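Engineer: Its first residue numbered -10, the sequence shown is counted upward by one per residue in our numbering.
Glycine is no exception: its CB is placed at the ideal position from the N, C-alpha and C atoms.
Being a predicted model, the structure only gives us computed values, none of them experimental.
Here it is, the structure, as structure tokens.
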Amino acid sequence: MAEPPNPPGRTDSSMSDSIVAQRVHMEKVVIPPDPSLMGRRQRAEAGHKRAVAANERVKFVGMLKDELTRKLAKYDWSRTGNLNPEELAAFLRDNTSSREPTPEEVNWVLRKTKLSGGTFYQAEDESSTRDKAKAEQPAGPSSPDAISKDELYAALDIWNNYQKVQPMLDQVFSKYDTNESGMLEADQLKKVLAELDQHAKEPTDEEVQFIVQSVDGAVDGIESTGGVNKTELIGAISLWYTHVDATVQVASGNATSCCTIS
């Protein structure tokens, strides 16, 4: 399905910028101390600050929902009330000053969003939800293969975090994926793990095989390949560090970690 009139490759990071600004503002709100430790005047001031903070929270959530509603309408070309993988790819591309995500990356973001629970903000009280339900356009039915309005922010956050580590992932694959298969096979992954944590012993073949089996195809919709692809490498490294830290703590009570690729 063709995109609506938007120049391809046009970058619009206004959503990320506005939400970051709003979050910075929210972080400046001072949480007052425990009222039981204060006098009458202090309790009154603390109550006022709590009311102001609660009002700021309501305004922030409202602004976020409005922004997400606009974004959903812009990219929901199929008019289902959700974003399918193709629409999600365009949404991630245009709102992160980034490249076009690959189908594998889109699927990974979608699945990770579902696993995270999806929503950024807390559920509102029932009365507020009922009052607004009449005015808001109903979202499409929840689908395991699409992103709803309430899940858009979480999907964007997951993609942004992935982009932060992608240079390291690209560097690892450039150095160790010598046969350019697009995945790290067991012997290649073994070299990666050995270099990442030079203070630990080299992983055994059994440990490497365990890690491969644990992350290969672990996310629904990503096919098992017998190796570790880029989106799976993050989990493989995390699993290895968890194993190393546990081993070192048992031996000495201290764990030392480093994460560099030279």
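Out of curiosity, what's the CA-to-CA distance linking E195 and L173?
Structural biologist: Between E195 and L173, the C-alpha separation is close to 16 Å.
Engineer: In chain order, what residues of the same chain have a beta carbon less than 7 Å from the beta carbon of A40, not counting five sequence neighbours either side?
Structural biologist: Correct list: empty, nothing qualifies.
Engineer: Specify the secondary structure class of I136 as computed by DSSP and reduced to three states.
Structural biologist: The answer is strand: DSSP assigns I136 an E or B state.
Engineer: With L81 as the anchor, note down where its alpha helix (DSSP H) starts and where it stops.
Structural biologist: It spans P74 to D83 - the alpha helix (DSSP H) in which L81 sits, taken as one unbroken run.
Engineer: Which first and last residues belong to the alpha helix (DSSP H) in which A144 is found?
Structural biologist: Residues L141 to Y165.
Engineer: With a threshold of 8 Å on Cβ separation, who are the neighbours of E212 within its own chain once the five nearest residues in sequence on each side are excluded?
Structural biologist: If we look at E212 and ignore the five residues flanking it on each side, its Cβ neighbours are G206.
Engineer: Between the Cα of K219 and the Cα atoms of E75, L158, V204 and T85, which residue gives the shortest distance?
Structural biologist: The shortest Cα separation from K219 among E75, L158, V204 and T85 belongs to L158.
Engineer: Given that a residue counts as buried once 16 or more other Cβ atoms are within 10 Å of its Cβ, and exposed if not, what is A112?
Structural biologist: Note that A112 scores a pLDDT of 40, beneath 50, so its modelled location is shaky; the value from the coordinates is reported in the next line. By the 10 Å Cβ count, A112 comes out exposed.
Engineer: Would you report the Cα separation of L141 and G28, rounded to the nearest angstrom?
Structural biologist: Those two C-alpha atoms are separated by around 44 Å.
Engineer: Do the CB positions of E76 and D65 come within less than 8 Å of each other?
Structural biologist: Yes, the Cβ-Cβ distance between E76 and D65 is below 8 Å.
Engineer: With a cut-off of 8 Å, do at least 3 Cβ pairs link the stretch 78 to 91 to the stretch 163 to 173?
Structural biologist: No, they do not touch.
Engineer: Please name the residue, chosen from V217, V197, N150 and A79, that lies closest to V161 on a Cα-to-Cα basis.
Structural biologist: Checked all of V217, V197, N150 and A79; the closest Cα to V161 is V217.
Engineer: Between which residues of its own chain and K153 is the CB-CB distance below 7 Å, once the five residues before and five after are set aside?
Structural biologist: The answer is none, since no qualifying residue turns up.
Engineer: K60 to T214, Cα distance in whole Å?
Structural biologist: For K60 and T214, the distance between alpha carbons rounds to 35 Å.
Engineer: When we look at the beta-carbon of T231 and count the other beta-carbons within 10 Å, is it buried (16 or more) or exposed?
Structural biologist: So T231 counts as exposed.
Engineer: Leaving out the 5 sequence neighbours to the left and right, which residues in its chain are closer than 7 Å to K103 when beta-carbon positions are compared?
Structural biologist: Within the same chain, K103 has close Cβ partners P133.
Engineer: Whole angstroms are fine: how far does the CA of V204 sit from the CA of A225?
Structural biologist: In a straight line, the C-alpha of A225 is about 6 Å away from that of V204.
Engineer: Could you check the C-alpha separation between G70 and N149 for me, to the nearest Å?
Structural biologist: Whole-angstrom Cα-Cα distance: 23 Å.
Engineer: Rounded to the nearest angstrom, what separates A175 and W229 at their Cα positions?
Structural biologist: In a straight line, the C-alpha of A175 is about 13 Å away from that of W229.
Engineer: Can you tell which of K190, E184 and L178 has its C-alpha closest to the C-alpha of V197?
Structural biologist: Of K190, E184 and L178, the residue nearest in Cα terms is L178.
Engineer: In this structure, what does DSSP give as the bridge partners for V217?
Structural biologist: Per DSSP, L173.
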